[in-house]
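Undergrad:
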Amino acid sequence: MFLRRSTPLYTELVPTEAANQHIIASNCNNITSLMEFTKKLPPLTSLIVHLEIDSDDIMVLDGLRTDERFQVITHKPQCGITHAMLDTLNKSSMGTVVYFSGDEIFIWSMVKLAKKVGITDGNIILNKCGSKRNVYCAHCSTINIADNSSIIQCNRCGTSLFVRNHFSRRMGAYLGVRVDD
Ligand SMILES: [Zn+2]
Numbered sequence: 041m042f043l044r045r046s047t048p049l050y051t052e053l054v055p056t057e058a059a060n061q062h063i064i065a066s067n068c069n070n071i072t073s074l075m076e077f078t079k080k081l082p083p084l085t086s087l088i089v090h091l092e093i094d095s096d097d098i099m100v101l102d103g104l105r106t107d108e109r110f111q112v113i114t115h116k117p118q119c120g121i122t123h124a125m126l127d128t129l130n131k132s133s134m135g136t137v138v139y140f141s142g143d144e145i146f147i148w149s150m151v152k153l154a155k156k157v158g159i160t161d162g163n164i165i166l167n168k169c170g171s172k173r174n175v176y177c178a179h180c181s182t183i184n185i186a187d188n189s190s191i192i193q194c195n196r197c198g199t200s201l202f203v204r205n206h207f208s209r210r211m212g213a214y215l216g217v218r219v220d221d
């Protein structure tokens, strides 16, 4: 489960030139970096953006909405974007590149969807934004929502957990072991 000892690799949002369709899912508040990304896209490519944000009055989004190549869909965090995103992924063409930008809980829930529809690792770009992450308790198997602290307390069993750099892609979680272990 935690065989891979490396932490995930995150990068900047940089367009993959060869793709003819790009799909972004983001819960990152830094819309500016998203706008910068869209400016770098080759002409004639299409972009579908799913944004999980609290308000949709962000003026900067208007620039995307008026470009007919792009489709911008906003979601309130409490509603989640999972269903709509899966629908988009299901309709995507061969060679589509997906970009997931946000905290690690968000990113890895999106990766799970992409894998479900058969998108390969090479076509999935991950951009980390925010510090929320999942920590798996090695003692009671609970997945805790945590920040990037190196020591947290398990919500279920109360154990003080040291968060190791072991990351399970399947669970989208870091491994937390008892501090003294
Ligand atoms: Zn626990």
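Position in the sequence shown (first residue = 1) + 40 = this note's numbering. C-beta: ideal position from N, C-alpha, C; glycine also.
1. Considering only the beta carbon of each residue, do residue 157 and residue 132 sit closer than 9 Å?
2. Could you name the residues whose beta carbon sits closer than 7 Å to any heavy atom belonging to ligand 1, keeping them in chain order?
3. Would you list the one or two residues that DSSP bridges to residue 168?
4. Nearest to residue 159 by CA position, among 121, 168, 174 and 134, is which residue?
5. Locate the beta strand (DSSP E) running through residue 132, then write down its first and last residues.
6. Report the three-state DSSP secondary structure of residue 120 (helix, strand or coil).
7. Are the stretch 78-93 and the stretch 163-176 touching, with three or more C-beta to C-beta distances below 8 Å?
8. Please return the same chain residues whose Cβ sits closer than 6 Å to the Cβ of residue 91, not counting the five positions on each side in sequence.
9. Which residue from 78, 94 and 199 puts its Cα closest to that of residue 106?
10. Since residue 73 is in the alpha helix (DSSP H), which residue starts that stretch and which ends it?
11. Candidates 49, 62, 81 and 94: which alpha carbon is nearest residue 70's?
12. According to the neighbour-count rule (16 or more other Cβ atoms, all chains shown, within 10 Å of its Cβ), is residue 58 buried or exposed?
13. Once the 5 residues before and after residue 148 are set aside, which same chain residues still bring their CB inside 6 Å of it?
14. Going by beta carbon distance, what residues of the same chain come within less than 8 Å of residue 218, once the five residues before and after it are set aside?
15. Could you pull the DSSP bridge partners for residue 62 from this structure?
16. With a 10 Å radius around its C-beta and 16 neighbouring C-beta atoms as the bar for buried, classify residue 125 as buried or exposed.
17. Helix, strand or coil: which one does DSSP assign to residue 195?
18. Whole angstroms is fine: what's the gap from residue 48's alpha carbon to residue 128's?
TA: Taking the geometry as given:
1. Translated into positions along the sequence shown, residue 157 becomes position 117. Translated into positions along the sequence shown, residue 132 becomes position 92. Closer than 9 Å, so yes.
2. Residues flagged by the Cβ proximity filter: 177, 179, 180, 182, 194, 196, 197 and 199.
3. Position 128 of the sequence shown holds residue 168. According to DSSP, residue 168 bridges with 142.
4. Here residue 159 refers to the residue found at position 119 when the sequence shown is read from its first residue. With distances taken between Cα atoms, residue 159 lies closest to 134.
5. As a first step, residue 132 must be located in the sequence shown, where it is residue number 92. Run containing residue 132: none; DSSP gives neither H nor E here.
6. Looking up residue 120 in the sequence shown gives position 80. DSSP, reduced to helix, strand and coil, places residue 120 outside both helices and strands of the structure shown, so it counts as coil.
7. No, the stretch 78-93 is not in contact with the stretch 163-176.
8. Stepping through the sequence shown from its first residue, residue 91 is reached at position 51. Around residue 91, the same chain offers 66 and 114 as residues with beta carbons nearer than 6 Å, after the five sequence neighbours per side are excluded.
9. Within the sequence shown, residue 106 is the residue found at index 66, counting from 1. For the residues 78, 94 and 199, the minimum Cα distance to residue 106 belongs to 78.
10. What you label residue 73 is simply residue 33 of the sequence shown in a count that begins at 1. 71-79 is the span of the alpha helix (DSSP H), which, as asked, contains residue 73.
11. For the purposes of this step, residue 70 is taken as residue 30 along the sequence shown, with counting starting at 1. When only C-alpha atoms are compared, the closest one is 94.
12. Residue 58 sits at position 18 when you count from the first residue of the sequence shown. Label assigned to residue 58: exposed.
13. As a first step, residue 148 is located in the sequence shown; it is residue number 108 there, counting from the start. Taken in chain order, the residues that qualify are 212.
14. Taking the first residue of the sequence shown as 1, we reach residue 218 at position 178. For residue 218, where only same-chain residues beyond five positions count, the Cβ hits under 8 Å are 178, 179, 199, 200, 201 and 202.
15. Position 22 of the sequence shown, counted from the first residue, corresponds to residue 62. By DSSP's assignment, residue 62 forms a beta bridge with 87 and 137.
16. Mapped onto the sequence shown, residue 125 falls at position 85. Residue 125 is buried by the Cβ-count criterion.
17. In the sequence shown, residue 195 corresponds to position 155, counting from 1. In the three-state reduction of the DSSP assignment, residue 195 falls in the coil class, being assigned neither a helical nor a strand state.
18. The count along the sequence shown starts at 1 and reaches residue 48 at position 8. The count along the sequence shown starts at 1 and reaches residue 128 at position 88. Rounded to the nearest whole angstrom, the C-alpha separation of residue 48 and residue 128 is 25 Å.
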